[in-house]
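Numbering (the numbering used here), first residue to last: 33 to 517.
A quick write-up on the structure given underneath.
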């Protein structure tokens, strides 16, 4: 029995909230039920001996942390604003400046990653504890079986099943793919905290190149490759198809524009608001949820919606509304001036940097209300269509699909759960593309009247299960996607 999940985005609590431990207890309960179902074979009870879970990227999320903005622990400098002390944000050129796009060999890089990782482990201690218990065989056990293949529920003899967790990286946790003893030590702490089966060497990212011309080495992960072969599955996180979050020229051991924008605009925005006099702290707390807004195109509506609500409650003045937008514009300008961002701008080519420059210029000269109306006018259909960004077309080009070595292609990254048939032949059977969705807390825009900017909170949870031929009476796969609040 093989289960694939992705995009949990467990963070340190300095930006958006992680999905709570209740989701992990629910997952453990589902695994226990599925394991017992898988043990029913042709009317007989034969407990399965293996249950593997592939964590397919963006599980731990050190990118969504404001700790990167500050000096190392113990070296903080403080500024006082209206009687409140705030840690001073480091700027390019300063000795304590380190960001996700800094050289990984920088003496502050690995210590900062360790600092952030440890806080994530602490903040998600109960949830990760569920994983450890699953790995230790504490959640799933089978009754003894008599000679006729029937359960003996009254027997004190029980057989625990240990779940094996295998970690692969995506675009928010690619740091755990970096080589070196310092990063091995960080990975070991994750292995201990999560009950992983990985060795402390770099967690795998790419087990088969899309093209032999790609300038990086294929990762070695014998246990995951064995699972691919046994279940006729191939998976990758999927960020390789997203040029904003993956650079095909440098590979996965380097930061991207997405990292820089997340850090210097999305993460930094609430921190800068905290440092402005006369801005209510409630504004800051609400705007920390930027990364939880869905659909993503509705993010400006979320910001202006929070401003509107607070203005109606007389918490916010008109001047404050202008200040809030100006701070966003300033951060976007500063982002474009980063040496790292400029280095991504290719001459004579309209690339991601040029698109962002155009977007920032447009945003600066219009009000939030006008920006909202533009979104309604130009993006309404795309924003509310039942689908979303689909990677199914890329699955058709996946080498494991083309050479028929895999019947099932699984990607994550988009947070949009999908099950899409790709092909069928008489000899091999079905070939299907899946997207593993996400485990995340969302604020989803209400459809009745989007101009009212109302958002409904809920938590999403998706996983995909594959079975061997002799498991679960020859059932091949199941997908489960749900929401709760």
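Using N, Cα and C, we set each Cβ at its ideal position, and we do this for glycine too.
Sequence-distant residues of its chain with Cβ nearer than 7 Å to residue i (five each side left out)
| i | result |
| --- | --- |
| residue 102 | 108, 119, 121, 122 |
| residue 138 | 130 |
| residue 459 | none |
| residue 451 | 464, 466, 511 |
| residue 413 | Note on residue 413: pLDDT 47, under 50, position unreliable in the model; the coordinate value appears next. Contacts found: none. |
| residue 169 | 192, 193, 194 |
| residue 152 | 42, 43, 44, 92, 94 |
| residue 507 | 499 |
| residue 455 | 463 |
C-beta contact flag for residue i and residue j at 9 Å
| i | j | result |
| --- | --- | --- |
| residue 268 | residue 237 | yes |
| residue 263 | residue 91 | no |
| residue 40 | residue 87 | yes |
| residue 93 | residue 205 | yes |
| residue 225 | residue 140 | no |
| residue 277 | residue 288 | yes |
| residue 376 | residue 279 | yes |
| residue 234 | residue 220 | no |
| residue 322 | residue 335 | yes |
| residue 468 | residue 36 | yes |
| residue 445 | residue 285 | no |
Inter-residue spacing [alpha-carbon to alpha-carbon] between residue i and residue j
| i | j | result |
| --- | --- | --- |
| residue 492 | residue 172 | 24 Å |
| residue 489 | residue 314 | 17 Å |
| residue 106 | residue 117 | 15 Å |
| residue 64 | residue 177 | 17 Å |
| residue 142 | residue 148 | 10 Å |
| residue 372 | residue 294 | 14 Å |
| residue 501 | residue 258 | 16 Å |
| residue 134 | residue 227 | 30 Å |
| residue 62 | residue 208 | 28 Å |
| residue 179 | residue 81 | 18 Å |
| residue 361 | residue 66 | 50 Å |
| residue 357 | residue 341 | 16 Å |
| residue 136 | residue 503 | 45 Å |
| residue 213 | residue 72 | 45 Å |
When the options are compared against residue i, the one with the closest alpha-carbon
| i | options | result |
| --- | --- | --- |
| residue 359 | 458, 324, 370, 311 | 311 |
| residue 195 | 166, 432, 177 | 166 |
| residue 318 | 168, 48, 287, 291 | 48 |
| residue 261 | 512, 498, 154 | 498 |
| residue 292 | 280, 96, 70, 87 | 96 |
| residue 370 | 184, 425, 124 | 124 |
| residue 34 | 83, 144, 272 | 83 |
| residue 100 | 79, 487, 43, 63 | 43 |
| residue 515 | 453, 448, 506 | 448 |
| residue 55 | 235, 70, 136, 162 | 162 |
| residue 365 | 320, 297, 421, 335 | 297 |
| residue 183 | 434, 243, 201, 78 | 78 |
| residue 57 | 496, 126, 164, 70 | 164 |
Supposed close pair residue i, residue j - CB separation, criterion 8 Å
| i | j | result |
| --- | --- | --- |
| residue 494 | residue 470 | 6 Å |
| residue 50 | residue 203 | About 17 Å; that fails the 8 Å criterion. |
| residue 239 | residue 256 | 6 Å |
| residue 325 | residue 475 | 5 Å |
| residue 270 | residue 423 | 5 Å |
| residue 242 | residue 272 | 7 Å |
| residue 74 | residue 435 | About 33 Å separates the two Cβ atoms, so there is no contact after all. |
| residue 309 | residue 126 | With a Cβ gap of about 25 Å, residue 309 and residue 126 do not count as contacting. |
6 Å CB neighbourhood of residue i in its chain, flanking five on each side removed
| i | result |
| --- | --- |
| residue 316 | 302, 305, 306 |
| residue 266 | 260, 432, 438, 441 |
| residue 76 | 181 |
| residue 517 | 490 |
| residue 89 | 38, 200, 201, 202, 269, 444 |
Own chain, CB closer than 8 Å to residue i, minus 5 neighbours either side, in chain order
| i | result |
| --- | --- |
| residue 112 | 118 |
| residue 283 | 246, 247, 248 |
| residue 478 | 484, 486, 487, 488 |
| residue 355 | 308, 311 |
| residue 190 | 173, 174, 175, 176 |
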